[in-house]
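Presented below is the structure to which this report refers.
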Ligand code: MLT
């Protein structure tokens, strides 16, 4: 039987094997929710990069560039990391370069996997349905916060575990933990996450609507997948 495992933070990624494995990267608040939204609104590609300098180099080559650090837009870049920024006709068909505090770093660290997919609550069922058809094991990589575990990405991992539990064996305790956490919190995710670190961080910056938006389940069918150095929308 195929296995599903959960890596609770990129700092633990070396403990997991990538062979024969599809990695689903999740940074629910907000990088991967933002990417899923961008593709749903017609962005052509997103190059995820780990550093601001790399993002600048893409910007110099004509890419639209998005840079976020500590939940704020970095000066000199066109775009930030809010899903609402990408609900704009003007980004349709464009190539974007993006760097974020945790999400893009987690994607770049996953490159040796069979495939790297971008997951969020917004495209949860699309990801689950696709994985059911694949022969590979799954590793959910939670982007966390600067090496620490966070609640929202662990809850996403648990939601995917719940959707896949009849077709996959749970590899390790992190998958069991994530599944049980989601089971406990799923009826009221906002309440369950009250006081979570990144919710407090975002609220301090006055960013409230992104929180409720990113917790919506199954809004889009789009699956961003890494092809070479770029994310593109998987062909239906
Ligand atoms: C990240 O990559 O850490 C984030 O998406 C942070 C944020 O802007 O909310």
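Numbering (the numbering used here), first residue to last: -6 to 229. Note that beta-carbon positions come from the ideal geometry of N, C-alpha and C, so glycine has one too.
Whole-angstrom Cβ separation of residue 92 and residue 30, contact assumed at under 8 angstroms?
-> Residue 92 to residue 30, Cβ: 17 angstroms. No contact.
Collapsed DSSP secondary structure at residue 303 in the structure displayed = Nothing about residue 303 can be read from this structure; the chain reaches only from -6 to 229.
In whole angstroms, what separates the C-alpha of residue 66 from that of residue 41?
-> 16 angstroms
Reduced DSSP category for residue 140 - H, G, I as helix; E, B as strand; rest coil = When DSSP states are grouped into helix, strand and coil, residue 140 belongs to the coil group.
By how many angstroms is the C-alpha of residue -6 removed from the C-alpha of residue 27?
-> Whole-angstrom Cα-Cα distance: 33 angstroms.
Could you check what DSSP says for residue 91 in three-state terms: helix, strand or coil?
-> strand
Compute the Euclidean distance between the alpha carbons of residue 220 and residue 187, then round it to the nearest angstrom.
-> 37 angstroms
May I ask whether a heavy atom of the ligand MLT can be found less than 7 angstroms away from the beta carbon of residue 86?
-> no
Outcome for residue 151 when other beta-carbon atoms lying within 10 angstroms are tallied against a minimum of 16 = buried
Would you say the segment 155 to 174 touches the segment 101 to 109, given that touching needs at least three Cβ pairs under 8 angstroms?
-> no
For the putative contact between residue 215 and residue 116, defined by C-beta atoms under 8 angstroms, what is the C-beta separation to the nearest angstrom?
-> 6 angstroms
beta-carbon residue 211 near the ligand MLT non-hydrogen atom, thresh 7 angstroms | No, the Cβ of residue 211 stays beyond 7 angstroms of every heavy atom of the ligand MLT.
contact_flag[the segment 45 to 62, the segment -1 to 15] where n(CB pairs < 8 angstroms) is 3 or more = no
What is the DSSP secondary structure of residue 167, counted as helix, strand or coil?
-> The answer is helix: DSSP assigns residue 167 an H, G or I state.
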